[in-house]
Each structure stands twice: as C-alpha cells, then as structure tokens.
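Residue numbers for the sequence shown follow the numbering used here, so the first one is 397 and each next one is one higher.
Note that beta-carbon positions come from the ideal geometry of N, C-alpha and C, so glycine has one too.
On a predicted model such as this, the values are computed, not experimentally measured, just so you know.
Notes follow the structure.
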Amino acid sequence: MPNSGALAAAGAGGGGDTILPLRLRGAVARSRGKVLAGPIDLTVSPTGFTIVMGPNGAGKTTLLRMMHGLQRLAEGELHWNLPRDIARMRQAYVFQMPIMMRRRVVDCIAYPLILHGTPRREARAIAADWAARFGLGDALQRPAPVLSGGEKQKLALARALIRRPDILFLDEPCANLDGRAMREIEALLQLARDAGTRIVMATHDMGQARRLATEVVFMYDGRVHETGPTRGFFESPATAQAAAFINGDIVE
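Shown next as structure tokens:
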C-alpha cells in the first residue's frame, strides 16, 4: 500500500500562488470541421476532486484534453490564474493506457525531473523515494514495459506527481484494472488530493465517483449537461439524461 505520510508530506504546487481556478468560456474543440465538444462554460476551483461522467462519445476525453492543452480550442477562451507558460509547467495528465518508455522504472519516474534540469543522480534518488511511496520500491531496475497493468498506472501516477502539480487530469485510469489495483490507485489519488493536488478525472464507474468525487461534471452530446456536488447529482439529477445515465438506461 502507498506510504501515506510521505506522500502527504510532499505537498503540491511547489508553493506560492496556484494556477487555479481554471475557467473555460464558450470553449469549442473541432476536428476536420466536426465539433468534438462545446461550447463549454466551466470553472475548476482550486480545491476538490472532480469526476467527469457521461455516456460513450459524450466528450469526456476531449474536455480533459482541452483543459490540459492537448486539444486546441477552435473557439472560446481558457484562462488560468497565472500566465499560461507557468500553468503548463504545473499540471500533469495520466492516460487510460499509460505510456511506458523503454527504460527502467526508476528512470521513467525520474524523467520529468531530468527534463526540467535536475541532475540525473539526484533525480534517480528522488524517483526511488517516490517509487517506494507508490509500492514500486522493489521494481526500480525492472523494464517499465513488463510491469502489470496496476503497476504501470502506479508508475504513471508517480511520474505525474513527482513535480507536485497544482492539478492532475486523469482519463479513466482504472478502466482496465482489477479490484485490488483499483483500490490501490484510488488510495493514491486520495492522498494526492489531501496533499494539495486538484484532481479532475473521467470515469464510467459510478461507485468510484461516489467514493472519490466532491463534484460531478456530467457530459452529454459534447457539452457540460449539468454539474454539482456528488451527493446532489446522484440523489437528485437535474436532467432526464443524467437520471437515465445513473439508472443505467440508454441516454438519448
């Protein structure tokens, strides 16, 4: 299990002002003339754990990519609390299928530090400490591609959090994991949130949303259909589409 004390002590954001809130106003993403998502108006506050939900094709991944800067806006605006070049350095993204470099585990985790100028020996020492926190202390010298699915997600999280981002975006990180691995990843995410990292995560798992989220953003047909506190969303959805989704019905 993760080392809760060490992870919480690590903190987040590197100190000083946060890049949050994040504000999207009339944000639209297009590809080859087709609207992928939008227009979207949404504010991500400095604290909390946001779960993005919705049926397949609703625009969840596109929304995450828009916020992180992987998807260029065709229309509208996106504003951080600090200049965009600073904001870019203080956020991270974890994909559903984590990207594994053909390197040892320790070098994969150390890579973001080395990329930003930390001496290689120092970066590896820091990476070894983070690997231990994430239950990968015995895997430092193993090639990253041979890890199990749960271990790869732990590595991806350690690599994303090692520079203590203000905000972390995750695209269904537990979709392909068994129950035990999911429990371990959720514990790590809760520790990261408690340490000060703002989390925005897409998931189809309603149980996971209930366990982790402080608020839910419900996507439908490329737009934010409704948003609100987790309990209110599940107990009193404001729209017929959200109610159908919660009930497991076809959303149309």
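1. Quick check on DSSP: helix, strand or coil for P541?
2. If you draw a straight line from the alpha carbon of M578 to that of Q604, how long is it in whole angstroms?
3. Which complete beta strand (DSSP E) runs does the segment 551-632 hold, if anything under 3 residues is left out?
4. Quick one: what's Y507 bridged to in DSSP?
5. For V490, does the count of other Cβ atoms within 10 angstroms reach 16, so buried, or fall short, so exposed?
6. For L469, name the three-state secondary structure that DSSP assigns.
7. Which partner residues does R426 have in the DSSP bridge list?
8. Between the Cα of P561 and those of L551, I581, A483, E580, spot the shortest distance and give me the residue it belongs to.
9. Closest to D645 by CA distance: which of G450, L438, G434 is it?
10. Between which residues of its own chain and P508 is the CB-CB distance below 7 Å, once the five residues before and five after are set aside?
11. In the DSSP assignment, what residue or residues form a beta bridge with F445?
12. With distances taken from CA atoms, which of L536, S427, P539, P569 is nearest V448?
13. Pairs of beta-carbons, one from the segment 512-519 and one from the segment 585-604, closer than 8 Å: are there three or more?
14. How would you label D567, buried or exposed, when you count the other beta carbons within 10 angstroms and need 16 or more for buried?
15. Smallest Cα separation from H600: which of H464, Q492, L511, A506?
Short version:
1. Taking the sequence shown and counting its residues from 1, one reaches residue 541 at position 145. Helix.
2. On the sequence shown, residue 578 is found 182 positions in, with the first residue counted as 1. On the sequence shown, residue 604 is found 208 positions in, with the first residue counted as 1. Answer to the nearest angstrom: the Cα atoms are 9 Å apart.
3. 563-567, 594-598, 611-616, 619-625
4. Walking along the sequence shown from the start, residue 507 turns up at place 111. Per DSSP, none; premise fails for Y507.
5. Locating residue 490 in the sequence shown gives position 94, where the first residue counts as 1. Counting Cβ neighbours within 10 Å, V490 comes out buried, since at least 16 surround it.
6. The residue you call residue 469 lines up with position 73 of the sequence shown. L469 falls in the coil class under three-state DSSP.
7. For this step, residue 426 is matched to residue 30 along the sequence shown. Answer by DSSP bridge pairing, in chain order: V431.
8. If you number the sequence shown from 1, residue 561 lands on position 165. Nearest option by C-alpha distance: A483.
9. Within the sequence shown, residue 645 is the residue found at index 249, counting from 1. Cα-wise, what sits closest to D645 is G450.
10. For the purposes of this step, residue 508 is identified with residue 112 of the sequence shown, where counting begins at 1. Correct list, in chain order: R555, I558, R559.
11. Indexing the sequence shown from 1 puts residue 445 at position 49. F445 is bridged to I595.
12. The count along the sequence shown starts at 1 and reaches residue 448 at position 52. Ranking the options by Cα distance to V448, first place goes to P569.
13. no
14. Residue mapping note: residue 567 aligns to position 171 of the sequence shown, counting from 1. Buried, since its Cβ has 16 or more Cβ neighbours within 10 Å.
15. Working through the sequence shown from its first residue, we reach residue 600 at position 204. With distances taken between Cα atoms, H600 lies closest to Q492.
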